[in-house]
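FYI, the numbering for the sequence shown is 1370 to 1574, going by the numbering used here. Glycine is no exception: its CB is placed at the ideal position from the N, C-alpha and C atoms. I have placed the structure first, in the form of structure tokens, so that the comments after it can refer back to it.
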Amino acid sequence: MLESYLTGLVVCGGIIIAIGAQNAYVLGLAVRREHHWWSAGLCMGTDLLLVSAGMFGMSAVLLTMPGALEALRWLGVVFLGWLALQALHRATAGRQGLAVAEARGHSVTRVVLATLAVTVLNPQVYLDTLLLIPSVGAQQDSAGAFVAGAGSASILWFSLLAWGGALLSPWLSRPRAWRVIDGGIGVMMAIIAVQLAGGELGGVA
């Protein structure tokens, strides 16, 4: 059982740590202290829900719906491209340094909806959580322990993003520093959008 748990922890951790749309979005919110724990918690919950679904049969359903993944792919390209343009505009136009009071710029509802969009419009999320991770989990002695390990990896990682980004925000309050952050997030989002458009889904969860 412990071996299954550790396998889930390592496999899921290795997949979600790769910088992708979800991670970049949560980190950006955390640095701005903008309802970042809501976003991080939602990412944790969806990871656990999808991995559990994949482990208990949803992967077979996904394989019968290639058209749905294709539609999600192009929706993802459009949405990520929009996020990239927003971040790059902020990077070039500049803005005032960060302050805790600015954290109320976006409502919780808007943050939650944007987090859901970053998650559900990325087909790689489904390939990872409903196919790749469960394919490893199917070889383990305890499916429950494997899912628990995968869920722990998600909780640890997104907690680190939310906590670490917020912790660093006082040192990143200068306009020049935030331009660099926005520029980096914009470039990452643009690269992911291009990868999705080209069908290169690997490693962009």
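In this structure, how does DSSP classify residue i when only helix, strand and coil are distinguished?
i       : result
Gly1555 : helix
Arg1543 : coil
Gly1436 : helix
Gly1567 : coil
Gln1465 : Any reading at Gln1465 needs caution, since the residue's pLDDT is 48, under 50, leaving its predicted position unreliable; the model's value is listed next. If DSSP states are grouped into helix, strand and coil, Gln1465 belongs with coil.
So the alpha helix (DSSP H) residue i belongs to, where does it begin and stop?
i       : result
Met1413 : 1405 to 1422
Gly1382 : 1371 to 1386
Gly1397 : 1390 to 1401
With distances taken Cα to Cα, identify the nearest neighbour of residue i among the options.
i       : options                            : result
Leu1525 : Val1480, Gly1414, Trp1540, Ala1562 : Gly1414
Leu1417 : Gly1520, Gly1533, Ala1531, Asn1491 : Gly1520
Ser1421 : Leu1398, Ser1538, Val1516, Ile1386 : Val1516
Met1424 : Gly1518, Leu1530, Leu1499, Gly1533 : Leu1499
Phe1527 : Ala1483, Ala1559, Ala1393          : Ala1393
Ala1535 : Leu1378, Glu1403, Ala1440          : Glu1403
Val1379 : Leu1396, Ser1511, Ser1523          : Ser1523
Val1395 : Gly1383, Cys1381, Ile1384, Leu1411 : Leu1411
Glu1372 : Ile1560, Gln1508, Val1481          : Gln1508
Ile1385 : Leu1449, Tyr1495, Val1481, Val1446 : Tyr1495
Gln1391 : Trp1443, Leu1482, Ala1440, Ser1476 : Leu1482
Gly1382 : Ser1538, Trp1443, Asp1497, Arg1548 : Asp1497
Val1400 : Gln1564, Leu1530, Ser1511          : Leu1530
Trp1550 : Leu1375, Leu1398, Met1370          : In the sequence under discussion, the amino acid at residue 1550 is Ile, which differs from the Trp named in the question. Answer by Cα proximity: Leu1398.
Is residue i near the ligand HEM, judged by its Cβ being under 7 Å from some heavy atom?
i       : result
Phe1527 : With respect to the ligand HEM, the structure shown offers nothing to examine, as it has no ligands at all.
- Query: In chain order, which continuous runs of the alpha helix (DSSP H) of length 4 or greater are located wholly inside the segment 1467 to 1527?
  - Reply: 1477 to 1489, 1492 to 1495, 1502 to 1506
- At least 3 beta-carbon pairs within less than 8 Å: the segment 1547 to 1566 vs the segment 1452 to 1459: yes
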